[in-house]
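Using this note's numbering, the letters of the sequence shown correspond one by one to residues 309 to 1076. Everything on this sheet refers to the single structure shown next.
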Amino acid sequence: MTNRPTYTMSLSSIYIFLVGFTNCFFFKVSCSKSDFSLEGDYLLGGLFTLHEIEQTTPQFSPETTECFRHSPSRSGYQMLQVMRFAVEEINNSTTLLPNVSLGYEIFDHCSNTKNFHSVLSFISNNGSIKPKEKLNNYQPKVIALTGPFESTRAITIAPLFTMDRIPMVNYGASSYALSDKVKYPAFVRTVPSNKNLIEMIIHIIQWFGWNWVAFLGSQGDYGSDGLKLFNTYIRNTGICVAYQESLRLNTNYSLTLQKIDMLNINVIVVFALPQYASKIIKAAIANNIQDKVWIASQAWAMNQQLPREPGIGKIGTIIGITERLLSLPGFHEFVYKDRRSTDVTHNEESEIQSKSKTCNQVCDYCTLLTAEEIINENPTSSFAIYSAIYTIAHALHKVLQCDMNGCRKNTVVKPYMVPFSNCSAECKEGFSRQPEGFHSCCFTCKECPPNSHVDYSRDPYTCFPCAENEWSDEGSTTCKTRSVVYLQFTEIFSIAVMVSAICIIILLIAIFCLFSYNYNTPVVRSAGGSMCLLMLICLIMSSISVFFFFGKPTFAHCLLRKVIFTFFFTVCISCLTVRSFQIICVFKMAAQFPKVHSLWVKHNGQWLFIAFSSAINLISCVIWITVSPDKPFADIWTYKDQIMLICEMGDSITLTIVVFIGWFLGFLCLLFSYMGRDLPKNYNEAKPITFSLILYYLSWIVYFTAYLSVKSKYVTLLNAIAQISSINGILFSYFIPKSYIIIFQPQKNTPAYFQTSIQNYTQTISRT
């Protein structure tokens, strides 16, 4: 009788051993009792906040934070259990990774900056890290990571994983900054970003017609990101942020609430982590804040402790933003089973944890929690963690080319190999997404046209136009600043034209002085006398217009550069025309039409003609500059990388009238000079006038042809050259030869010489 109990105990021990052995043999389950690690063919990393640091103290020497010395966080331990549950479920699956076991290494992550010891453990290989190792040669400890929960912590450690393209499948970091695939190419998440949450909060505020709100964020990237997005998206909505603050753990919460109450704010958005939200709600209860509307962000909307706070019903209505809660079938059973095994081996568990080789894998309170306490914790992140583990598993399943018969375990798996499993391939740089169907994941890619760009951090579905002072090529992600182009004073061609204009003005002034001094000589008289002095003044004024072609175009520049030349040069042409007609009248029409000639002489017909044509010219110029003058214009279409500042030509009708007057007078001048081609040599102006007018026409034909066919700042230079060319034609063909006679051949500048020339012409006419 005494041996039977012993026998029974032995059988029980053998039975328990066999059950344990078969579980380890037939199922991919580790026999280790530690919550923090599990052996497997491929290791996953997990970071969970099992302890919270209530207050940070400055440290003056390098030190890793030992999390177990701080306040416990039951919700963090529940999250850890969800990961363990998901891994066990996958390991027991016959369809997902059928002959492959997943293991994990989990660390307590309670600090933003002082838990790097555990993080470095993930990216190490046999305890060492080789930053210069080629990506395809380096095999870190884990193939993927899930966690940590907070945005600041995720942003802090993300570069370490991005360096080796180790996937971070996050379950709680919602900062919109992490959506930047350029900075965080290996980061994905199973929760909405802050952008989505803020848009929902704004939608709620607009739905109820509120516009006077307070926004309380929390210290760190989560709160600051939410505040930034909120201020961005309420523009043009009519919503006013009457008060905003970034809460810290040592903030005077009572003072904050007093400020909000004094401003008569009844809607308070609390976009904060649970520890901050808990303090503000408790402060509201303590300060008897009543009848407010509190909009809770997803981080604390499902908090299990706050609803139990005495007096919370008086503070008003709390509207929570959270995802749809999905149950995890089998999770409760897993927790109960785990707690039973923990109760049996409580002392062994404590010993295992105390002898842990790596810090922050110790949790004294965890083994004391009951199954009910774990199950009843905030379930908000449970499905997100579950999804994160399954996302990694499905990716590994694809890489290992698994099927119903098993996986190819000899396949080399690198962390950067998370296979293509998207509805649509990610667009190349410079391509925007064009939605297809009802799912945002399904789209085609369209290259952004020139002068537009796609900003993936702002909106991957839109090609944003560049500003007027910017440009871009097809398929760009940024816009470049255009260079502003116009004909400047300092350019070599500009200097050359201005120097030539100055030389022409000096020469014209010198000739004017020469002709004035020799006013009563036959050469000056035959050239027109006072009329030729008027011509010289007009040519001098026409030359001045050249200087308005250079420098940044202004309204005055555009107006004066053409109007001055057009008016004064047309007056000069009218003088040349009437001079040609007058010579013909004297030599040919005086005998045939004596009455007409006498009337012409008696009433100063030449001056009447000049006055009449000048008046018509002046009226047409006034109409031109009044109705539709040339004005400064920024040409942004001709060159993609330039803004060309030019003078836009005004109304074509008024301009045509002005041009026609000058060209018509030139035609009459050519006609009269041709009729007088057989006049005495000293009075025969056919050749110089013909040369000057042909040069005048050709210059402007070349300019207008270039203006209509070429868009360049140098077309403006060609305009100035056309003016100088027109002036030079009259100067060098009409005035220079006469000046030469006055200076170097004074014997030909006598009445006798001119009388002899007239007599020879008369004799020639009488013979014919």
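Just so it is clear, CB atoms sit at the ideal spot from N, CA and C, and this is done for glycine as well.
Worksheet item: Looking only at C-alpha atoms, which of Gln890, Met849, Thr885, Cys883 sits nearest to Ile872?
Response: Of all alpha-carbon atoms in Gln890, Met849, Thr885, Cys883, the one lying nearest the alpha-carbon of Ile872 is that of Met849.
Worksheet item: What are the boundary residues of the alpha helix (DSSP H) that includes Thr511?
Response: The question names Thr, but residue 511 in the sequence shown is His. Its alpha helix (DSSP H) spans residues 502-516.
Item to complete: Report whether the distance from the Cβ of Ile593 to the nearest heavy atom of the ligand ADP is below 6 Å.
Response: Although the ligand ADP was asked about, the structure shown includes no ligands whatsoever.
Worksheet item: When you compare each of Leu916, Asp416, Phe801 to His359 by their alpha carbons, which one comes out closest?
Response: Ranking Leu916, Asp416, Phe801 by CA distance to the CA of His359 puts Asp416 first.
Worksheet item: When DSSP labels each residue in this structure, what does Asn433 get in the three-state scheme?
Response: Strand.
Worksheet item: Alpha carbon to alpha carbon, what distance is there between Pro758 and Leu453?
Response: Going by the C-alpha atoms only, they are around 41 Å apart.
Item to complete: Identify every run of the beta strand (DSSP E) within the stretch 722-800, keeping only runs that are complete inside it and at least 3 residues long; order them along the chain.
Response: Complete beta strand (DSSP E) runs here, min 3: 739-743, 751-755, 760-763, 767-773, 791-793.
Worksheet item: Under the rule that 16 or more other beta-carbon atoms within 10 Å means buried, what is Glu641, buried or exposed?
Response: It counts as exposed.
Discussion item. Measuring straight from C-alpha to C-alpha, what distance separates Asn502 and Tyr484?
Written reply: Taken atom to atom, the span from the alpha-carbon of Asn502 to that of Tyr484 is near 6 Å.
Fill in: Continuous beta strand (DSSP E) stretch holding Pro940: start and end
That run of the beta strand (DSSP E) goes 939-943.
Worksheet item: Going by DSSP, what residues sit across from Phe415 in a beta bridge?
Response: For Phe415, which the question treats as bridged, DSSP gives the partners Leu355.
Item to complete: Over the uninterrupted alpha helix (DSSP H) stretch that includes Gln566, give me the two end residues.
Response: Boundaries of the alpha helix (DSSP H) around Gln566: 561-570.
Worksheet item: Considering Asn478, what are the terminal residues of the beta strand (DSSP E) in which it resides?
Response: If you look at Asn478, you'll find it in the beta strand (DSSP E) that goes 476-478.
Discussion item. Quick check on Ser320: does DSSP put it in helix, strand or coil?
Written reply: Since pLDDT at Ser320 reaches only 35, below the 50 mark, its modelled position is unreliable, and the value read off the structure follows with that caveat. Ser320 falls in the helix class under three-state DSSP.
Practice prompt. Could you check which residue in Ile1002, Tyr412, Asn596, Cys375 has the C-alpha nearest to that of Ile697?
Written response: Here the closest residue by C-alpha is Tyr412.
Worksheet item: Rounded to a whole number of angstroms, what is the C-alpha to C-alpha distance between His865 and Thr1024?
Response: Taking the straight line from one Cα to the other gives about 12 Å.
Discussion item. For Cys750, which residues in the same chain have their Cβ closer than 8 Å to its Cβ, ignoring the five residues on either side in sequence?
Written reply: Closer than 8 Å at the Cβ level, and outside the excluded window around Cys750, lie Cys731, Ser732, Pro743, Glu744.
Worksheet item: Counting Cβ pairs closer than 8 Å, one from the stretch 493-502 and one from the stretch 553-572, do we hit at least three?
Response: Output reads no: the stretch 553-572 does not touch the stretch 493-502.
Fill in: 8 Å contact criterion, which Ile629 and Ala609 should meet: CB distance rounded
About 6 Å separates the beta carbon of Ile629 from that of Ala609, a gap short enough to meet the 8 Å contact definition.
Item to complete: Pull up the distance between the alpha-carbon of Gly913 and that of Ser921, whole angstroms please.
Response: The alpha-carbon atoms of Gly913 and Ser921 are separated by roughly 12 Å.
Worksheet item: Based on Cα-Cα distance, which residue from Val408, Ser906, Lys1046 lies nearest to Asn718?
Response: Looking at Val408, Ser906, Lys1046, the one whose alpha-carbon comes closest to that of Asn718 is Val408.
Item to complete: Pull up the DSSP beta-bridge partners for Trp520, would you.
Response: Beta-bridge pairing links Trp520 to Cys548.
Worksheet item: When we look at the beta-carbon of Tyr385 and count the other beta-carbons within 10 Å, is it buried (16 or more) or exposed?
Response: Buried.
Worksheet item: Quick one: what does DSSP say Arg648 is sitting in, helix, strand or coil?
Response: Taken through DSSP and simplified to helix, strand or coil, Arg648 comes out as helix.
Worksheet entry | Tyr315 burial status per 10 Å Cβ neighbour count (16 or more: buried) | In this predicted model, Tyr315 has a pLDDT of only 32, less than 50, meaning its place in the structure is not dependable enough to derive any value.
Worksheet item: So, is the C-beta of Thr862 closer than 7 Å to a C-beta in chain C?
Response: Although the question refers to chain C, the structure presented lacks it and comprises just one protein chain.
Fill in: Segment contact flag, the stretch 966-985 with the stretch 810-822, C-beta cutoff 8 Å, min 3 pairs
With the rule of 3 Cβ pairs closer than 8 Å, the stretch 966-985 does not count as touching the stretch 810-822.
Fill in: Among Asn478, Val490, Gly480, nearest to Ser765 - alpha-carbon criterion
Minimum Cα distance to Ser765 is reached at Val490.
Discussion item. Give me the DSSP bridge partner(s) of Leu410.
Written reply: According to the DSSP secondary-structure assignment, Leu410 is paired through a beta bridge with Tyr350.
Item to complete: Measure how close the beta-carbons of Ile510 and Thr540 come, nearest whole angstrom, since I'm counting them as under 8 Å.
Response: Not a contact, Cβ separation roughly 10 Å.
Item to complete: For Lys870, count neighbouring Cβ atoms within 10 angstroms of its own Cβ and tell me buried if that reaches 16, exposed if not.
Response: Flag for Lys870 reads buried.
Item to complete: Decide if Val935 is buried, meaning its Cβ has at least 16 other Cβ atoms within 10 Å, or exposed.
Response: Per the 10 Å Cβ criterion, exposed.
Fill in: Straight-line gap, Ser662 to Phe424 (C-alpha atoms, nearest Å)
Any answer about Ser662 is weak, because its pLDDT of 47 lies below 50 and its placement is not dependable; what the coordinates show is given next. Distance between the alpha carbons of Ser662 and Phe424: 20 Å.
Worksheet item: Quick one: Cα of Pro1059 to Cα of Ser824, how far?
Response: Straight-line measurement puts the Cα of Ser824 at about 18 Å from the Cα of Pro1059.
Worksheet item: Ends of the alpha helix (DSSP H) at Cys846?
Response: Looking at the DSSP string, the run of the alpha helix (DSSP H) that includes Cys846 is 838-852.
Fill in: Bridge partners - Ser526, DSSP secondary structure assignment
The secondary-structure analysis by DSSP pairs Ser526 across a beta bridge with Leu555.
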